[in-house]
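Enquirer: Counting from 1, one number per residue, gives the positions in the sequence shown under the numbering used here.
Below is one structure. I have some questions about it.
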Amino acid sequence: MVLLHGLGATGAVWDGLTERLDRRWIAPDLPGHGGSGRLKRYSFGAMAGAVAEHLPAGEPVTVIGHSLGGVLAVALASGWFGVDVRRAVAVGVKVEWTDDELAGATAMAHRPVKIFGSKEEAAQRYLKVSGLGGLVPADPDGLASTGDGWRLALDPATFAVGRPDMRGLLAAAKCPVLMVTGENDPMSAPEQVRALTEHVEVLPDLGHNLHVEDPVTLLDVITRTGDW
Numbered sequence: 001m002v003l004l005h006g007l008g009a010t011g012a013v014w015d016g017l018t019e020r021l022d023r024r025w026i027a028p029d030l031p032g033h034g035g036s037g038r039l040k041r042y043s044f045g046a047m048a049g050a051v052a053e054h055l056p057a058g059e060p061v062t063v064i065g066h067s068l069g070g071v072l073a074v075a076l077a078s079g080w081f082g083v084d085v086r087r088a089v090a091v092g093v094k095v096e097w098t099d100d101e102l103a104g105a106t107a108m109a110h111r112p113v114k115i116f117g118s119k120e121e122a123a124q125r126y127l128k129v130s131g132l133g134g135l136v137p138a139d140p141d142g143l144a145s146t147g148d149g150w151r152l153a154l155d156p157a158t159f160a161v162g163r164p165d166m167r168g169l170l171a172a173a174k175c176p177v178l179m180v181t182g183e184n185d186p187m188s189a190p191e192q193v194r195a196l197t198e199h200v201e202v203l204p205d206l207g208h209n210l211h212v213e214d215p216v217t218l219l220d221v222i223t224r225t226g227d228w
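Right under this line is the structure:
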């Protein structure tokens with residue numbers, strides 16, 4: 001099983017789910033995040049390709065991704081990157097973007113790296129950027145020490161990935177794809193996801209980071225809805 005985190009986070013967001021797995025899994029930090037290297041240019045294709053390079057060759061996998069990671073999971077399901085994906089689960093993917101939202105993401109990508117005076121300040125910024133505030137402590141791998149203080153390990157340029165063509169990616173998938181969203185997810189509204197595909201599970205009372213909020217329910221849904 002391959003677990004791909006969302007923008008701004010690290011593979012540690014899957015800890016609540018992985019501790020319940022009885023199979024082999026990998027939860028890498030995506031390019032430009034945590035302990036992973038950076039790319040010259042960030043696009044969904046470039047990031048999916050970078051992930052594919054580190055997956056076992058010829059071994060069938062189930063890919064579960066959250067938000068940005070969900071887009072990459074569906075991209076990998078296309079077979080374009082040489083990965084034998086048997087099933088993909090995309091959790092909390094933002095499928096509709098306004099021009100203002102895209103402009104805001106572009107502006108984030110071009111902001112200079114901010115240096116914080118303390119590790120605690122950087123940790124709070126990490127939790128805000130990743131949307132994990134109040135859910136888990138900041139992952140130490142999401143922070144980096146500098147000569148002047150602390151910064152996020154995140155490469156700001158990752159915000160420039162743009163708008164995913166989810167309709168096109170779903171059409172290209174060569175395996176079953178399940179979309180999962182929380183009933184209260186402001187970034188992935190159930191009605192928007194249902195407009196793309198009939199293979200949708202909406203989890204009651206959960207929000208954007210439902211894989212952290214309630215990993216047990218997510219795992220139950222994945223198990224119930226397919227042979228994985």
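Don't be surprised by glycine CBs; every beta carbon is placed ideally from N, CA and C.
Put Phe44 into one of helix, strand or coil per three-state DSSP.
Expert: In the structure shown, Phe44 sits in a helix (DSSP, three-state: H, G or I).
Enquirer: What span of residues does the alpha helix (DSSP H) with His211 cover, start to end?
Expert: That run of the alpha helix (DSSP H) goes 210-213.
Enquirer: Where does His5 land, buried or exposed, given buried means 16+ other C-beta within 10 angstroms?
Expert: When all chains shown are included, His5 counts as buried.
Enquirer: Based on DSSP bridge pairs, tell me the residues matched to His66.
Expert: Val91.
Enquirer: Only counting the same chain, and skipping five residues up and downstream in sequence, which positions put a Cβ closer than 8 Å to that of Gly49?
Expert: Correct list, in chain order: Phe81.
Enquirer: Can you check whether the CB of Gly226 is closer than 8 Å to the CB of Pro176?
Expert: Result yes, Cβ atoms of Pro176 and Gly226 sit closer than 8 Å.
Enquirer: My output table needs one value for Phe159: the three-state DSSP class, helix, strand or coil.
Expert: It is helical.
Enquirer: Around the Cβ of Ser78, are there at least 16 other Cβ atoms within 10 angstroms (buried) or fewer (exposed)?
Expert: By the neighbour-count rule (16 or more Cβ atoms within 10 Å), Ser78 is buried.
Enquirer: Out of Thr106, Val216, Ser188, Val221, state which residue places its alpha-carbon closest to the alpha-carbon of Lys94.
Expert: Among Thr106, Val216, Ser188, Val221, the Cα nearest to that of Lys94 is on Ser188.
Enquirer: What distance in whole Å lies between the Cβ atoms of Thr197 and Met179, which are believed to be in contact at a cut-off of 8 Å?
Expert: Confirmed, about 6 Å.
Enquirer: Pick out whichever of Pro31, Thr18, Val74, Asp22 has its Cα sitting closest to the Cα of Asp165.
Expert: Out of Pro31, Thr18, Val74, Asp22, Val74 has the C-alpha closest to the C-alpha of Asp165.
Enquirer: Is there contact here, the stretch 6-26 with the stretch 37-52, by at least three beta-carbon pairs under 8 Å?
Expert: No, the stretch 6-26 is not in contact with the stretch 37-52.
Enquirer: Going by DSSP in three states, Ala172 sits in which element: helix, strand or coil?
Expert: In the structure shown, Ala172 sits in a helix (DSSP, three-state: H, G or I).
Enquirer: Let me make sure I understand the geometry here. Which of Asp155, Arg194, Gly149 has the alpha-carbon closest to that of Arg167?
Expert: For Arg167, the nearest C-alpha among the options comes from Arg194.
Enquirer: Okay, do the stretch 84-94 and the stretch 131-148 touch, 3+ Cβ pairs below 8 Å being the bar?
Expert: Touching, no, given that fewer than three Cβ pairs across the two stretches are closer than 8 Å.
Enquirer: Checking 8 Å against the spacing of the C-beta atoms, do Val290 and Arg20 come in under that value?
Expert: The displayed coordinates of the chain run from 1 to 228. Any statement about residue 290 would go beyond what the structure contains.
Enquirer: Could you give the distance in angstroms between the alpha-carbon of His211 and the alpha-carbon of Ala173?
Expert: Taking the straight line from one Cα to the other gives about 23 Å.
Enquirer: Evaluate Gly34 with the Cβ neighbour count: other Cβ atoms within 10 Å of its Cβ, from every protein chain shown; 16 or more gives buried, anything less gives exposed.
Expert: Result: buried.
Enquirer: As a quick exercise: from Gly58, Pro31, Gly131, pick the residue whose alpha carbon is nearest that of Met47.
Expert: The candidate whose alpha carbon is nearest that of Met47 is Pro31.
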